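Residue numbers (my numbering): 235 to 349.
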């Protein structure tokens, strides 16, 4: 099966990577703009992986899924802005992510689930 390419991703998002926790709160890196994506607004029930304790994951509703190329894989708590520059623009944190594979050898895409 063919690999997912940038040309197949008609939307653009802004990714602000979560770097870690600092003495004064959360730390985010420099925003990466114009990241090719497919944005789908559809409610799903996911396990919240943003917590530092793996046993404390709670079921949480994800209202947006974003498909990216594998090189744009991010950690939970990363901020993603969808629909930038439009009236629908909003920024949410990643609550979970998954590698999508069309075969067992290589990841084809990353699926991010946003709050």
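Note that beta-carbon positions come from the ideal geometry of N, C-alpha and C, so glycine has one too. Here the structure is a predicted model, which means the values were calculated and not measured.
For residue i, three-class secondary structure by DSSP
i, result
"residue 310", "coil"
"residue 270", "strand"
"residue 305", "helix"
Per DSSP, the bridge partner or partners of residue i
i, result
"residue 333", "344"
"residue 254", "261"
"residue 299", "274, 347"
"residue 246", "270"
"residue 325", "315"
Contact under 8 Å by Cβ, residue i with residue j
i, j, result
"residue 269", "residue 262", "no"
"residue 344", "residue 316", "no"
"residue 314", "residue 325", "yes"
"residue 327", "residue 349", "yes"
"residue 247", "residue 300", "yes"
Contact test: residue i Cβ vs the ligand GTP heavy atom, cutoff 7 Å
i, result
"residue 331", "Of ligands this structure carries none, so the ligand GTP is not represented either."
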